[in-house]
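Novice: Got a structure here, written out as structure tokens. Questions coming.
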Amino acid sequence: MIDKTKYQAIYDTLETTIRSRNERGIYTAMGYSSNLDILLDFHVEELNQLLEKHMSGADLGQMRRAEWIRTVPELLETIVWFCLHGVGGEVDIEDPALIRSCFPCKNGVGGTAVQAAMALSQVGAESVVHLTDDSPELCEQLVSPYICVPLEDGSLGHADEVQPRNEQEVHVILQFQKGNEIRLGDQTAVIPASNRLILTKNTVNVTVPFRDSYFRWIEDHAKQVSSNVLSSFNCILDPAVLKERLEYVKHHIEVYHQRNPEGTVYFEDAHYHDADVRRLCIETLYPLVDIMSMNEEELAYTLKMYDVPVDIEDVLSCVRGVEYLLHRFRIHKGIVVHTKDYAMFVGDRGQTDIEKGLVWGGCLATAKAAFGGYGNDLQIREILKNPLSEKGVRSQEILAESEYKDQVILVPTCYIDKPKYTIGLGDSFTGGMQLCF
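According to my numbering, the sequence shown is numbered sequentially starting from 4.
Written as structure tokens, this is what we have:
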């Protein structure tokens, strides 16, 4: 069982852990996709003004999300629909310039790999990243002494040394807040939950072009790579392209494991655009990885594909679902499930202090939620003053009284009622989790 005192004590060991890793030249490898995020400075009053200007006389309750956004009215209706339902999601947009004409924006980074690397850089931990979108605007965001990129000559450099070769991919990120009021004429509606809408113009990540220099560096320096993170197959829709990428990664994993038997292959799940793509990724990669990681919604979606019922509000049901996946796909060590209330590991922890990884991952994710950016040490110490999630604590107690008490490690999160940011939290968690390997 973990309480606030132990939680704080575990966080206090992070600085020493990172210093030791850096002194020994130990890296986390982060693959595979990157994109330019356009971050909206979204305020509901600006939305209300745009509604009055472009949608006067319309019915808020009748507004529907567009499948493909081409016009300002389609944009506004889509935003209203997601806000009023309090749900997150993704919608394609024809031209991201449309959003810039309506709301203040700034550039950021997107993709599990680079977001996890950014989170690690804020606490001084080094990583090696694979880039797909390598545009100057994206690379500018990644310039850090702690974020490294394997260059074509075999050396390890930084993002500002990368020669662009791929098309830019843009994702527009809109965060909305619980309790804000949308108004149009005499109509009012309150946003029921904080969440995010992503407007995408997919380009390079439809194929996820691989950089041989990244894979070659990891294989040549395998002993320096404590964990090898896989992600980002979810946007590939062409089965032939996907199979080619998966075969390449299978061979890479084999080489990495041969050269560093103690290294951890860690697969971070995602929202997939196609069920067949998800199935192919699962059935190809799950049997090859050491640890699979996902949020509770991804767990439910995966289990549904195999007709296994799960109640994501019931921690014991989640554990049973995880055990099904472990046994069916013979995942080497275990599965991590991360939620807003807790993170847990089910499986064989071996000599790894998984509990530390769950705490460190939770700290980085909660700091991102609380402050809207990648948290530094001072910000993380601020959120450590928050109470642990009541639901997380209760889940911990339920497990302690169950048959799984010796098989599962569960760590509650520090509770945030109104997160400032809800995107990239799983990616920040992934970054922090790697430091226990």
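Yeah, the Cβ is synthetic: ideal placement off N, Cα and C, and Gly gets one too.
1. Determine the closest residue to Ala303 out of Val340, Leu240 and Leu387, with distance taken between C-alpha atoms.
2. Which one of Gly113, Leu87, Asp215 and Lys246 has the shortest CA to CA distance from Ala196?
3. Put Ala116 into one of helix, strand or coil per three-state DSSP.
4. Helix, strand or coil, according to DSSP, for Cys238 in the structure here?
5. Under 9 Å between the Cβ atoms of Leu240 and Val268?
6. My output table needs one value for Cys366: the three-state DSSP class, helix, strand or coil.
7. With 16 other CB atoms within 10 Å as the buried threshold, where does His335 fall?
8. Rounding to the nearest angstrom, what Cα-Cα distance links Val131 and Thr16 in this structure?
9. Between Ser320 and Ala119, what straight-line distance do the alpha-carbon atoms span, to the nearest angstrom?
10. Measuring CB to CB, does Val47 end up less than 9 Å from Asn183?
11. Run through the segment 286 to 352 for me and flag every whole beta strand (DSSP E) of 3 or more residues, listed as ranges in chain order.
12. Could you tell me how far apart the beta carbons of Phe149 and Glu129 are, in whole angstroms, since I believe they sit closer than 8 Å?
13. Restricting to Cα atoms, I'd like to know which of Lys408, Thr135, Trp363 and Ala403 is closest to Gln386.
14. Comparing C-alpha positions only, which one of Met297, Ile315, Val311 and Ile176 sits nearest to Gly337?
15. Going by alpha carbons, who is nearest to Ser457 out of Ser36, Ile82 and Gly92?
16. Mind reading off the beta-carbon distance from Asp314 to Ser398? Whole number of angstroms is fine, and I expect it under 8 Å.
17. Suppose the cutoff is 6 Å on Cβ atoms and the five residues either side in sequence are ignored; what does the same chain contact list for Val244 look like?
18. If Arg73 sits next to Thr81, beta carbons under 8 Å apart, how far is it from one beta carbon to the other, in whole angstroms?
19. Using the rule of at least 16 other Cβ atoms within 10 Å of the residue's Cβ for burial, across every protein chain shown, is Leu381 buried or exposed?
20. Express the C-alpha separation of Ser23 and Met66 in angstroms, rounding to a whole number.
21. Tell me the residue span of the alpha helix (DSSP H) that contains Tyr35.
22. Could you pull the DSSP bridge partners for Pro1 from this structure?
23. Quick one: is Val232 near chain D, going by C-beta distance under 9 Å?
24. Could you spell out where the alpha helix (DSSP H) holding Lys9 opens and where it closes?
25. Would you report the Cα separation of Thr19 and Gly435, rounded to the nearest angstrom?
26. Excluding the 5 residues flanking Phe432 on each side, which residues of the same chain have their C-beta closer than 6 Å to its C-beta?
27. Could you check where the alpha helix (DSSP H) with Leu78 kicks off and where it finishes?
28. So, is His254 buried or exposed, given that buried needs 16 or more other C-beta atoms within 10 angstroms?
29. Taking C-alpha atoms, which residue in Val146, Ser234, Arg168 and Gln52 lies nearest to Ala116?
30. Along the beta strand (DSSP E) that carries Lys226, what are the first and last residues, could you check?
31. Alpha carbon to alpha carbon, how far is Pro390 from Glu316?
32. What whole-angstrom Cβ distance do Val146 and His161 have, given they're in contact under 8 Å?
Specialist: According to the data block:
1. Val340
2. Leu87
3. helix
4. coil
5. no
6. helix
7. buried
8. 23 Å
9. 29 Å
10. yes
11. 294 to 298, 337 to 341 and 345 to 350
12. Before going on, a small fix: residue 149 reads as Tyr here, not Phe. Right, the Cβ-Cβ distance comes to about 5 Å (below 8 Å), so this counts as a contact.
13. Here residue 386 is Ile; the residue named in the question, Gln, does not match the sequence. Among Lys408, Thr135, Trp363 and Ala403, the Cα nearest to that of Ile386 is on Trp363.
14. Met297
15. Given that the chain is displayed from residue 4 to residue 440, the structure contains no residue 457 and the question cannot be resolved.
16. So it is not a contact: roughly 12 Å between Cβ atoms.
17. Thr210
18. Not confirmed; about 11 Å, so no contact.
19. exposed
20. 55 Å
21. Note, Tyr35: premise wrong, no alpha helix (DSSP H); not H, not E.
22. Given a span of 4 to 440 for the chain in the structure shown, any question on residue 1 remains unanswerable.
23. This model lacks chain D altogether; it includes just one protein chain.
24. Lys7 to Asp15
25. 14 Å
26. His341, Gly364 and Ala368
27. Val75 to His88
28. exposed
29. Ser234
30. Counting along the chain, Lys226 falls outside any beta strand (DSSP E), and DSSP gives it neither H nor E.
31. 20 Å
32. 6 Å
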